[in-house]
Amino acid sequence: MNFSFAAGSNLLSGLTGNRESRQKLNEFAKELRSFRSTDMSGCNFGDEGLFFLAESLAYNQTLEEVSFAANGITAEGIKAFDSILQSNICLRTLNISGNPIGDDGAKSLCDILADNIGIQKLQLNSTDLGDEVKIFSFKLTH
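Each residue of the sequence shown is one higher than the one before, starting from 2 at the first, in the numbering used here.
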């Protein structure tokens with residue numbers, strides 16, 4: 002099953018830390034466990050939303066592609082991928098383009114991916130990376 006949210010869709014747009022937003026994420030997280038491909042680009046759920054969704058993604062053993070592009074994820078949010086990528090070896094493509102993770106976030110991601118055998122495609126376009134980190138990230142995935 003493939004699943005995609007258009008940017009600005011009613012389901013996950015404008016999420017904040019309030020109770021209603023957490024309920025929406027909780028409902029979606031239950032469904033997320035069965036998807037093969039998920040595009041959550043532009044939902045703006047930020048670091049907090051990614052940490053919340055991480056548990057469901059970790060237990061999804063069918064997910065092959067996920068896009069978290071343009072969600073306001075920072076270097077702090079990258080830590081949520083540690084739990085996802087430790088247990089999910091089926092994930093092949095991870096897109097975090099358009100998030101301001103910077104060099105610190107990219108270095109954390111590289112450390113997390115060092116032991117991951119599943120990821121074959123990592124998309125890091127427009128993530129505020131320095132040249133040195135771009136070269137290292139390229140070598141890691143090729």
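We treat Cβ as the ideally placed atom computed from N, Cα and C, and that holds for glycine.
DSSP three-state assignment for residue i, whether helix, strand or coil
| i | result |
| --- | --- |
| residue 77 | helix |
| residue 87 | helix |
| residue 114 | helix |
| residue 42 | coil |
| residue 20 | helix |
| residue 104 | helix |
| residue 50 | helix |
| residue 36 | coil |
| residue 59 | helix |
| residue 129 | coil |
Residues sharing a beta bridge with residue i, DSSP
| i | result |
| --- | --- |
| residue 65 | Partner(s): none; residue 65 has no beta bridge. |
| residue 124 | 96 |
Residue environment, residue i, which counts as buried when at least 16 other CB atoms sit within 10 Å
| i | result |
| --- | --- |
| residue 59 | buried |
| residue 116 | exposed |
| residue 131 | exposed |
| residue 63 | exposed |
| residue 118 | exposed |
| residue 44 | buried |
| residue 90 | exposed |
| residue 127 | exposed |
| residue 40 | buried |
CB-CB length for residue i against residue j, believed under 8 Å
| i | j | result |
| --- | --- | --- |
| residue 69 | residue 110 | Actually they do not touch by this definition, with Cβ atoms about 12 Å apart. |
| residue 129 | residue 97 | Not confirmed; about 12 Å, so no contact. |
| residue 93 | residue 65 | 5 Å |
| residue 85 | residue 47 | Incorrect: roughly 16 Å between the Cβ atoms, too far for contact. |
| residue 105 | residue 76 | 4 Å |
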